[in-house]
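When we follow full-length UniProt numbering, the leftmost residue of the sequence shown carries the number 1, and every step to the right adds one. Think of the CB as a built atom: it goes at the ideal place given N, C-alpha and C, for glycine as much as any other residue.
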Amino acid sequence: MRPYPACVPQPEPRVLVDATAVPADRGGVGRYVDSLVRALDEDGARISVVCQPRDADLYTRLAPHARVVPAAETVATRTARLSWEQTTLPRLAHRLAVDVVHSPHYTIPLANPVASVVTLHDATFFTDATLHSSVKARFFRWWTRTSLRTAEVCVVPSAATATELVRVAGADRRALHVAQHGVDTERFHVPTPEEVDALRAALHLYDTRYVAFLGALEPRKNVPALIRGFATACDGRADPPALVLAGQPGWDGQVERALDAVPHRLRVIRPGYLPFDLLAGFLGGADLVAYPSLGEGFGLPVLEAMACGACVLTTRRLSLPEVGGDAVAYCGVGAGDIAAGIAELLDDPARRESLAAAAQRRAKEFTWAASAAKHREAYARAAAMHRRGR
Numbered sequence: 001m002r003p004y005p006a007c008v009p010q011p012e013p014r015v016l017v018d019a020t021a022v023p024a025d026r027g028g029v030g031r032y033v034d035s036l037v038r039a040l041d042e043d044g045a046r047i048s049v050v051c052q053p054r055d056a057d058l059y060t061r062l063a064p065h066a067r068v069v070p071a072a073e074t075v076a077t078r079t080a081r082l083s084w085e086q087t088t089l090p091r092l093a094h095r096l097a098v099d100v101v102h103s104p105h106y107t108i109p110l111a112n113p114v115a116s117v118v119t120l121h122d123a124t125f126f127t128d129a130t131l132h133s134s135v136k137a138r139f140f141r142w143w144t145r146t147s148l149r150t151a152e153v154c155v156v157p158s159a160a161t162a163t164e165l166v167r168v169a170g171a172d173r174r175a176l177h178v179a180q181h182g183v184d185t186e187r188f189h190v191p192t193p194e195e196v197d198a199l200r201a202a203l204h205l206y207d208t209r210y211v212a213f214l215g216a217l218e219p220r221k222n223v224p225a226l227i228r229g230f231a232t233a234c235d236g237r238a239d240p241p242a243l244v245l246a247g248q249p250g251w252d253g254q255v256e257r258a259l260d261a262v263p264h265r266l267r268v269i270r271p272g273y274l275p276f277d278l279l280a281g282f283l284g285g286a287d288l289v290a291y292p293s294l295g296e297g298f299g300l301p302v303l304e305a306m307a308c309g310a311c312v313l314t315t316r317r318l319s320l321p322e323v324g325g326d327a328v329a330y331c332g333v334g335a336g337d338i339a340a341g342i343a344e345l346l347d348d349p350a351r352r353e354s355l356a357a358a359a360q361r362r363a364k365e366f367t368w369a370a371s372a373a374k375h376r377e378a379y380a381r382a383a384a385m386h387r388r389g390r
């Protein structure tokens, strides 16, 4: 992009963030949008937020200086939301007189009268399509390619994701803008003893040690291999920890088969979705957090566990080393590799303590303020490209 002459300041673009795709349960995408909107507002960005009616009060609290516009109730289903995105969102952008529409989850309005910025979270719909439902994989492959062709700027959360999109989707590296995620330290922090006790009481753990996993139980998270690895690592231990698999149930049928093979003397707990106020106690109170993912666009659960002072075991797939650095332990993705990693950490309290301290320090390097600054760069670049007609 040709820079403006030094004597002509670039105008601050007015941005409409489309938060209508945020799910009610606030998974990774929801945490990204919520945290980014708050950080942008705190940083003085000129933003408006369009959201589902249920989230209007939330975004008003998160971004008190922003315009918050509730969309119609018809955006509650995916089909209705996509139709609204293609028809009503462009008209709303025009009515609000914004310069940029930021679509934070792959899809964008194709007839956008202003500049488009879209977030592409990962490339696993191309590289590991079997880890997703076939319909979902086809849908997101099409939209990823379309967004790469159509949007002025595509935000990605890691250098690894940028590299993969160039390799498998034919992306122009110049159109990609890396903006790493941050961590919400109000929710994810080293827990107090009271927070740990509250989590233990809620899950009926009490004095039981445990290995924690947090995430949707879907194939990409490699949960069946984790279950088998945990069972192997704890075989023969006099006082084995429990395995707690927290998160929404997914469509991985192998999870149930792996659970059926776990010896009865080992305890596996599936509490489902955990409220946010229990997450710090859950992650920080574990002996270790195991996240043996087959691939992540960023790895927000790993960063959040690190911020909670957890000893984390994860893999070197895609972006995860960008997040973990030298502050986490790594293993392969097979059950045997995971078993070896769990056993080594369970047998070495000093290493767990050292990794937990290093994780806390490294987590401080990832802030939503820094992410917001990177997003503002993307907005300014997109607005300038749109004014020039690319």
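Residue nearest to Ala-175 within the set His-204, Arg-145, Thr-192, Asp-207 is Arg-145 (criterion: CA-CA distance). Excluding five sequence positions before and after Ala-162, the CB atoms of its chain that fall closer than 7 Å to its own CB belong to Val-156, Arg-173, Leu-176, Val-178, given in chain order. Around the beta carbon of Glu-152, 16 or more other beta carbons sit within 10 angstroms, so the residue counts as buried. Annotation: the continuous alpha helix (DSSP H) that includes Leu-62 extends over 56 to 62. In the three-state DSSP reduction, Phe-213 falls in the strand class (E or B). Its chain contains Ser-48 as the residues whose beta carbon lies nearer than 6 Å to that of Arg-67, once the 5 sequence neighbours on both sides are disregarded; these appear in chain order.
For Asp-18, the uninterrupted beta strand (DSSP E) run begins and ends at 14 to 18, by DSSP. His-121 has its alpha-carbon roughly 12 Å from the corresponding atom of Leu-318. Put simply, of Asn-222, Ala-373, Phe-282 the residue whose alpha carbon is nearest the alpha carbon of Ala-258 is Asn-222.
DSSP links Tyr-330 through a beta bridge to Thr-314. Using a Cβ distance threshold of 9 Å, Ala-24 and Arg-61 do not count as a contacting pair.
Here Thr-130 is exposed: its Cβ has fewer than 16 other Cβ atoms, across all protein chains shown, within 10 Å. When rounded, the separation of the alpha-carbon atoms in Ala-123 and Lys-364 is 27 Å. The continuous beta strand (DSSP E) containing Thr-119 extends over residues 115 to 119.
When beta bridges are read from the DSSP output, Leu-245 appears opposite Phe-213. Taking C-beta atoms as the reference points, Leu-294 and Val-323 fail to come closer than 9 Å. By the Cβ test, the region 195 to 213 is not in contact with the region 99 to 106, since fewer than three Cβ pairs between them sit closer than 8 Å.
Taking 9 Å as the cut-off, the beta carbon of Ala-115 is found closer than this to the beta carbon of Val-101.
Its chain contains Ala-179 as the residues whose beta carbon lies nearer than 6 Å to that of Lys-374, once the 5 sequence neighbours on both sides are disregarded; these appear in chain order. Look at the beta carbons and you see the region 375 to 384 not touching the region 334 to 348: under three pairs across the two are nearer than 8 Å. Rounded to the nearest whole angstrom, the CA to CA distance from Ala-372 to Arg-265 is 48 Å. Restricting attention to alpha helix (DSSP H) runs no shorter than 4 residues, the region 215 to 299 encloses them at 223 to 234, 254 to 260, 276 to 284, ordered along the chain. Fully enclosed beta strand (DSSP E) runs of no fewer than 3 residues occupy 100 to 103, 115 to 119 of the region 71 to 155, in order along the chain. Taking Val-211 as reference, the option from Val-183, Tyr-291, Thr-185 with the minimal CA-CA separation is Tyr-291. Note on Arg-361: under 16 other CB atoms within 10 angstroms of its CB, so exposed under the neighbour-count rule. Less than 9 Å separates the beta-carbon of Ala-369 from that of Ala-39.
Your pair Arg-352 and Cys-311 checks out as a contact, with CB atoms roughly 4 Å apart and the cut at 8 Å.
Under the three-state reduction of DSSP, Val-49 is assigned to strand. The shortest C-alpha to C-alpha distance from Ala-327 to any of Ser-354, Gly-389, Thr-208 is the one to Ser-354.
DSSP places Arg-388 in the coil class of the three-state scheme, outside both helix and strand.
Val-135 is classed as exposed because its beta carbon has fewer than 16 other beta carbons within 10 Å across all chains shown.
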